[in-house]
Amino acid sequence: MIVTEAPGRINLIGEHTDYNQGFAMPIALDERTTVRFEPDDSGTVSLDSEEEADGVTFGLDVRRGDVQGWAAYPAGVVWALSEAGHRVVGGTMSVSSEVPIGAGLSSSAALECAVLLAMTAATGVELDPLDAARIAQRAENDFVGAPTGLMDQLASLNGHIDRALLIDFETSSVSPVTFDLAGSDLALLVVNSNAAHQHSTGEYASRRESCTRAAATLGVGSLRDVQGTEGVLERIDDATDRRRVRHILSENTRVLDCAEALTNKNFRRVGELMTQSHASMRDDFEITTPHIDLIAESAVRHGALGARMTGGGFGGCVIAVVPADAVGEIAESIEADIAAGGFPVPTVFTARAGAGASRVHV
Ligand code: GLA
13 MIVTEAPGRI NLIGEHTDYN QGFAMPIALD ERTTVRFEPD DSGTVSLDSE EEADGVTFGL
73 DVRRGDVQGW AAYPAGVVWA LSEAGHRVVG GTMSVSSEVP IGAGLSSSAA LECAVLLAMT
133 AATGVELDPL DAARIAQRAE NDFVGAPTGL MDQLASLNGH IDRALLIDFE TSSVSPVTFD
193 LAGSDLALLV VNSNAAHQHS TGEYASRRES CTRAAATLGV GSLRDVQGTE GVLERIDDAT
253 DRRRVRHILS ENTRVLDCAE ALTNKNFRRV GELMTQSHAS MRDDFEITTP HIDLIAESAV
313 RHGALGARMT GGGFGGCVIA VVPADAVGEI AESIEADIAA GGFPVPTVFT ARAGAGASRV
373 HV
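Take the sequence shown: its letters are residues 13 to 374, numbered as in our numbering.
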């Protein structure tokens, strides 16, 4: 029996920058998805999940459109591995997950990466983390149909205990940055709004299209290649696209500033940058919701050093850096504000940076 596990992620800062070849800084979570794989020579993969009622069986020659719903992610990985020329084998695969689903914490990347590690363990294929991440991303983009970037898979595969991962998407390089909140008597609070989101719907794609269109107008291959900001925005006629670009350019700068602030243990600055990032996602990229904005504002009002939505947007989680001794009090105050706003009860927990995906048993 092969057993693998892969974590979800929290993005500390740098949203929608990955497909613009910019910067982001996620951490891998302690919460992970586990896959148990018993290979056989059936030529099919039989999948079941503790979280889903129905199991699914598909052939190794599975094609786009053959498998829907949650099972499309594992099926997509098998498809993408074989499209990349790697051998795949049949067997029985059981999935269980601690990563909340649809919460902006990359439950899908965790599932893809755990399946990928299980399948390659069975076939003896060795992939470096970048190739593995690209194959998992291809499963999501071309099989599932969600036009997402590379951040989630890179975070899940490269996670590091007590380190944030500064990723430069131009080179796909991942640099660990010390992420030690506890050492400064702080904690990372996660408020799951319990408003689910989905990236195969149009809003994510439309943000991507704005960025591609603006890059073409500016005559650059990607927004990463924009030099400085002087006179740049004026060249984009469409007011919406102009705001989208302003978010990406300012967010890239915030990621680099935040990495420096983390290194210097300047958590006040980290908090400020997080709050600014939230405002930019709310006003310029327009991917937050009134519910999510309320959570972020409430966190800061009740003593967080900073707070922002994490992930692709339109729901999911807000993260906040808070004094460790005020976690309970701040969580309760946020819960009261959300209830007063008429929104559903959130799930609140603290997180730390965890290890990356691994083979537990081969
Ligand atoms: C989702 C995508 C990522 C990234 C984020 C936004 O999580 O999967 O590739 O684009 O949204 O930063």
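Where a beta carbon is used, it is the ideal one built from N, C-alpha and C, also for glycine.
### Query
Taking buried to mean at least 16 other C-beta atoms within 10 Å of its own C-beta, is Ala111 buried or exposed?
Against the sequence shown, residue 111 aligns to sequence position 99. Position check: residue 111 holds Val in this sequence, whereas Ala was assumed. By the 10 Å Cβ count, Val111 comes out buried.
### Message
Using the three-state DSSP reduction, which class does Leu169 fall into: helix, strand or coil?
### Response
Start at 1 with the first residue of the sequence shown, and residue 169 comes out as number 157. Of the three classes helix, strand and coil, the one that applies to Leu169 here is helix, per DSSP.
### Task
Answer with buried or exposed for Val47, where buried requires no fewer than 16 other C-beta atoms within 10 angstroms of its C-beta.
The residue you call residue 47 lines up with position 35 of the sequence shown. Per the 10 Å Cβ criterion, buried.
### Message
Are the CB atoms of Cys329 and Leu117 within a distance shorter than 9 Å?
### Response
Here residue 117 refers to the residue found at position 105 of the sequence shown. Here residue 329 refers to the residue found at position 317 of the sequence shown. Contact: yes.
### Query
Are at least three pairs of beta-carbons, each pair with one atom in the segment 162-182 and one in the segment 33-46, less than 8 Å apart?
yes
### Task
Could you tell me the boundaries of the beta strand (DSSP E) in which Ser54 lies?
Locating residue 54 in the sequence shown gives position 42, counting from the first residue. Neither: Ser54 is in no beta strand (DSSP E) and is coded neither H nor E.
### Query
Between which two residues does the beta strand (DSSP E) containing Thr362 stretch?
As a first step, residue 362 is located in the sequence shown; it is residue number 350 there, counting from the start. Thr362 -> beta strand (DSSP E) spans 359-363.
### Message
One question on the structure: do Asp73 and Ser94 come within less than 9 Å of each other, judged by their Cβ atoms?
### Response
By 1-based counting over the sequence shown, the position of residue 73 is 61. By 1-based counting over the sequence shown, the position of residue 94 is 82. Yes, the pair counts as a contact, with Cβ atoms nearer than the cut-off.
### Message
My assumption, with CB atoms under 8 Å, is that Cys223 sits in contact with Ile260. Please give the rounded CB distance.
### Response
Residue numbering aside, residue 223 sits at position 211 when the sequence shown is read from its first letter. Residue numbering aside, residue 260 sits at position 248 when the sequence shown is read from its first letter. Rounded, the Cβ-Cβ distance is 6 Å, consistent with contact.
### Query
Within this structure, are the beta carbons of Arg364 and Asp42 separated by less than 9 Å?
Working through the sequence shown from its first residue, we reach residue 364 at position 352. Working through the sequence shown from its first residue, we reach residue 42 at position 30. Between Arg364 and Asp42, the gap from beta carbon to beta carbon is short of 9 Å.
### Task
State the Cα-Cα distance for the pair Arg76 and Val257, rounded to the nearest angstrom.
Taking the first residue of the sequence shown as 1, we reach residue 76 at position 64. Taking the first residue of the sequence shown as 1, we reach residue 257 at position 245. Taking the straight line joining both Cα atoms gives about 33 Å.
### Task
Using beta-carbon positions only, say whether Glu124 and Gln165 come within less than 9 Å of one another.
Your numbering for residue 124 matches position 112 in the sequence shown. Your numbering for residue 165 matches position 153 in the sequence shown. A contact, by the Cβ cut-off of 9 Å.
#### Entry: Three or more C-beta pairs below 8 Å linking the segment 299-309 and the segment 344-359
yes
### Task
Check Ser118 in the structure and name its three-state DSSP category.
Looking up residue 118 in the sequence shown gives position 106. In this structure, DSSP gives Ser118 a state outside helix and strand, which the three-state scheme calls coil.
### Task
Flag this pair as yes or no: are the beta carbons of Ala226 and Asp250 separated by less than 9 Å?
As a position in the sequence shown, residue 226 is number 214, starting the count at 1. As a position in the sequence shown, residue 250 is number 238, starting the count at 1. Result yes, Cβ atoms of Ala226 and Asp250 sit closer than 9 Å.
### Message
In the DSSP assignment, the beta strand (DSSP E) including Phe279 goes from what residue to what residue?
### Response
Position 267 of the sequence shown holds residue 279. Unbroken run through Phe279 is the alpha helix (DSSP H), 279-295; no beta strand (DSSP E).
### Message
Output needed for Val101: all residues of its chain with C-beta closer than 7 Å, excluding positions within five of it in sequence on either side, in chain order.
### Response
Here residue 101 is taken as the residue at index 89 of the sequence shown, counted from 1. So the qualifying residues of the chain are Pro51, Ala134, Thr135.
### Query
Smallest Cα separation from Arg254: which of Ala148, Gly240, Asp296?
Here the question's residue 254 lines up with position 242 in the sequence shown. The closest CA to that of Arg254, considering only Ala148, Gly240, Asp296, is found on Asp296.
### Task
With a cut-off of 8 Å on the beta carbons, I'd call Phe279 and Leu201 a contact; round off their distance for me.
To locate residue 279, count along the sequence shown from 1; it is residue 267. To locate residue 201, count along the sequence shown from 1; it is residue 189. Not a contact, Cβ separation roughly 13 Å.
### Query
Under three-state DSSP, which class holds Thr190?
As a first step, residue 190 is located in the sequence shown; it is residue number 178 there, counting from the start. Three-state result, Thr190: strand.
### Query
Relative to the C-alpha of Phe70, which residue among Gly340, Ser61, Pro86 is closest?
Taking the sequence shown and counting its residues from 1, the one referred to as residue 70 is at position 58. Residue Pro86 is the option with its Cα nearest to Phe70.
### Message
The beta strand (DSSP E) that contains Arg247, what's its start and end?
### Response
Numbered from its first residue, the sequence shown carries residue 247 at position 235. Arg247 -> no beta strand (DSSP E), and no H or E assigned at all.
#### Entry: Gly71, enclosing beta strand (DSSP E) - first and last residue
As a working mapping, residue 71 is identified with position 59 in the sequence shown. Counting along the chain, the beta strand (DSSP E) containing Gly71 begins and ends at 68-71.
#### Entry: Selected residue, minimal CA-CA separation from Leu274, among Ser196, Thr359, Ser310
Translated into the one-based positions of the sequence shown, residue 274 becomes position 262. Ranking Ser196, Thr359, Ser310 by Cα distance to Leu274 puts Ser196 first.
### Query
When the Cα atoms are used, what is the spatial distance from Gly318 to Met286?
The count along the sequence shown starts at 1 and reaches residue 318 at position 306. The count along the sequence shown starts at 1 and reaches residue 286 at position 274. Taking the straight line joining both Cα atoms gives about 5 Å.
### Where the alpha helix (DSSP H) through Asp305 begins and ends
Locating residue 305 in the sequence shown gives position 293, counting from the first residue. Where Asp305 is concerned, the enclosing alpha helix (DSSP H) stretches over 302-313.
### Three-state secondary structure (DSSP) of Pro86
Taking the sequence shown and counting its residues from 1, the one referred to as residue 86 is at position 74. In this structure, Pro86 counts as helix in the three-state DSSP scheme.
### Query
Near Val156, what residues of its chain come up, given a Cβ to Cβ distance below 7 Å and the 5 sequence neighbours on each side ignored?
Reading the sequence shown from its first residue, position 144 is the one you call residue 156. Same-chain partners within the cutoff: Ala84, Tyr85, Gly88, Ser212.
### Query
If you count every other CB in all the chains shown that lies within 10 Å of the CB of Met321, and 16 or more means buried, which is it?
Numbered from its first residue, the sequence shown carries residue 321 at position 309. Classification of Met321: buried, given that the 10 Å Cβ count is 16 or more.
### Query
Should Ser218 be labelled buried (16 or more other beta-carbon atoms within 10 Å of its own) or exposed?
As a working note, residue 218 is residue 206 in the sequence shown. Flag for Ser218 reads exposed.
### Query
Does DSSP put Met62 in a helix, in a strand, or in coil?
Reading the sequence shown from its first residue, position 50 is the one you call residue 62. The sequence shown places Glu at residue 62, not Met. DSSP places Glu62 in coil when its eight states are reduced to three.
### Task
Could you tell me if Glu242 is buried or exposed, where buried requires 16 or more neighbouring beta carbons within 10 angstroms of its beta carbon?
Counting from 1 along the sequence shown, the entry for residue 242 is found at position 230. Counting Cβ neighbours within 10 Å, Glu242 comes out exposed, since fewer than 16 surround it.
### Message
I need the DSSP call for Val127, collapsed to helix, strand or coil.
### Response
Along the sequence shown, one-based indexing puts residue 127 at 115. In this structure, Val127 counts as helix in the three-state DSSP scheme.
### Task
With distances taken Cα to Cα, identify the nearest neighbour of Val312 among Thr300, Gln288, Glu64.
Your numbering for residue 312 matches position 300 in the sequence shown. Residue Gln288 is the option with its Cα nearest to Val312.
### Message
At a cut-off of 8 Å, would you count Thr224 as near the ligand GLA, judging by its Cβ distance to the nearest heavy atom?
### Response
Translated into positions along the sequence shown, residue 224 becomes position 212. No - the ligand GLA has no heavy atom lying nearer than 8 Å to the Cβ of Thr224.
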